[in-house]
Amino acid sequence: MELYSIKELDIDNKRVFIRCDFNVPKDEFGNITDDRRIRAALPTIRYCMDRDCKIILASHFGRPKAGAWNEEKDSLKPVAKRLHSLLKKDIIMAENVVGDDTIALAQGLEEGDILLLENLRYNPGETGNDSEFASRLASMADIYINDAFGASHRKHGSIYALPAYFKEGEKAAGFLMQKEVNFFDKMIKKPSRPFVAVVGGSKVSGKLQALENLIEKVDKVIIGGGMAFTFLKAQGYEVGTSLVEDDLLEAATRIMVRARELDVKFYLPVDLVVAPEFSDEVPVKFLPIQEVPKEWMGLDVGPATNRLFREALNDAQTILWNGPMGVYEMDIYSKGSFMMSHYIAESHATTIVGGGDTADVAQRAGDVDEMTFISTGGGASLELLEGKLLPGVEAVSKKIS
Ligand code: AMP
């Protein structure tokens with residue numbers, strides 16, 4: 298599978314539709330709190346500006362619900378403002394997605410103009426992968442570019458139905474999309490070894506398939522966060538009221554058995570920060586995993602675990618990290634995640650961080666600049682790790698017969 302590259306297309310002076318991922322976090326006042334995804338889209342946008350294209354930008358934002366379309370809180374207007382300040386250029390903001398007025402705006406663009414459509418999900422045709430919706434989007438442009446890696450695991454209108462309206466030579470992946478796909482591809486196929494996967498977060502279920510795929514490729518697996526408890530319980534430990542998925546105990550055992558068969562080293566927490574309830578206003582204890590009281594829950598890994606994990610990372614040449622080691626949103630349970638971020642940042646390995654929460658930990662820990670690569674797509678990167686062909690990747694790939 299090879300992506301068509303934007304560089305292969307003749308786009309000079311053309312009307313170019315760029316599907317971006319501007320789904321950025323905002324605070325309760327509607328301010329953008331992290332504009333990394335917007336900045337990541339700039340190389341493709343600037344490339345088109347340099348070629349005097351008439352540019353149409355589109356993205357989804359949040360999850361508008363049926364019956365509550367067009368809510369101001371889901372509008373892309375703050376993104377238009379941020380683009381304006383980053384590009385030092387006026388952005389024409391459309392009132393809707395595929396209204397007649399917006400199509401006319403797109404068709405009337407002058408060279409160098411940039412039009413931003415409203416939130417694609419304001420129209421149910423986006424999540425419905427609707428062909429009528431896609432054909433209206435297609436009528437706006439001569440060229441289709443997908444630069445929305447973070448949305449490419451979804452079979453949505455602008456990702457899957459839309460590129461079908463463009464012929465070979467009229468569609469391609471943007472620079473961000475190429476970078477993300479190539480990075481994961483290379484890491485999975487030809488990692489420098491030892492290759493260590495650090496997996497955390499709340500549940501095994503969300504990452505089960507990725508884990509089953511990864512176990513075949515890595516040399517070591519380090520498990521932290523809530524998902525560790527399903528593995529620990531499967532080993533017979535008392536984990537109190539910690540997060541456990543009882544229906545996945547067998548799957549957890551299967552993964553650990555497979556690790557042993559392949560001689561993949563498997564690391565679980567040896568001590569924990571435990572609390573009587575899910576709160577940061579209760580007294581906590583630092584206990585070995587053997588001593589978790591029945592009514593208490595583990596909310597972070599403990600100091601001995603941090604040392605163990607650091608030791609396990611010592612000789613790593615490639616580190617893939619997805620998922621925090623504890624409930625990092627609360628200060629008292631954030632240390633395991635922050636320590637992990639520092640260890641990975643300090644290592645001499647190629648380091649790949651995937652997932653919004655994990656990128657957030659690296660950001661709060663001040664380690665972002667030390668990581669080799671931070672993926673903009675959590676769900677999409679997990680599906681790549683599961684070995685799946687993403688619909689958005691397929692739609693702009695060269696067909697190999
Ligand atoms: P995920 O989306 O699956 O990567 O999970 C991220 C979430 O896992 C974060 O919001 C963490 O607060 C949460 N998490 C990490 N460790 C634990 C734990 N021990 N118990 C409950 N939730 C956890």
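298 is the number of the first residue of the sequence shown in the working numbering; add one for each residue after it.
Built from N, CA and C at the ideal position, the CB exists for glycine as well.
Exercise. Answer with buried or exposed for S382, where buried requires no fewer than 16 other C-beta atoms within 10 angstroms of its C-beta.
Key: exposed
Quiz prompt | Presumed contact (8 angstroms Cβ cut-off) between F526 and G595, rounded CB distance | solution = 6 angstroms
Exercise. Express the C-alpha separation of E415 and T399 in angstroms, rounding to a whole number.
Key: 9 angstroms
Quiz item: For the beta strand (DSSP E) that L584 lies in, which residues bound it at each end?
Solution: It spans K582 to P585 - the beta strand (DSSP E) in which L584 sits, taken as one unbroken run.
Self-check item: Closest residue to D307 among Q475, E578, I519 and Y441 (Cα-Cα distance)
Solution: Y441
Quiz prompt | Residues bridged to L617 (per DSSP) | solution = A494 and I649
Quiz item: Under 8 angstroms between the Cβ atoms of A377 and M390?
Solution: yes
Quiz item: So, helix, strand or coil for G633, using DSSP?
Solution: Looking at G633 - three-state DSSP - the assignment turns out to be helix.
Quiz prompt | Residue range of the beta strand (DSSP E) that includes R333 | solution = Unbroken run through R333 is the alpha helix (DSSP H), R333 to A337; no beta strand (DSSP E).
Exercise. Would you tell me roughly how many angstroms separate the C-alpha atoms of R343 and I552, rounded to the nearest one?
Key: Their Cα atoms are separated by approximately 45 angstroms.
Quiz item: Near C317, which residues of its chain fall below 6 angstroms by C-beta distance, leaving aside the five closest residues on each side in sequence?
Solution: Correct list, in chain order: A338, L354, S356, D444 and A445.
Practice problem: Pick out whichever of F635, G675, E680 and H645 has its Cα sitting closest to the Cα of Q660. | Solution: F635
Quiz item: By Cβ distance, which residues of its chain are closer than 8 angstroms to K562, with the 5 residues on each side in sequence left out?
Solution: D516, K517, V518, A556 and A609
Quiz item: With which residues is A431 paired in a DSSP beta bridge?
Solution: Per DSSP, none; premise fails for A431.
Exercise. Give me the Cα-Cα distance between E325 and T550, rounded to the nearest whole angstrom.
Key: 42 angstroms
Self-check item: alpha helix (DSSP H) segment containing M622, residue limits
Solution: Run containing M622: none; DSSP gives neither H nor E here.
Self-check item: Euclidean distance between Cα positions of G471 and L459
Solution: 15 angstroms
Exercise. Within its chain, find whatever has a CB closer than 8 angstroms to the CB of K685; leave out the 5 residues flanking it on each side and keep chain order.
Key: H450
Practice problem: Rank V567, G674 and F670 by C-alpha distance to the C-alpha of G633 and give the top, closest one. | Solution: V567
Practice problem: Assign R490 to one of two classes, buried (16 or more other C-beta atoms within 10 Å of its C-beta) or exposed (fewer than that). | Solution: exposed
Quiz item: Which value, in whole angstroms, describes the spacing of the CA atoms of A601 and M524?
Solution: 18 angstroms
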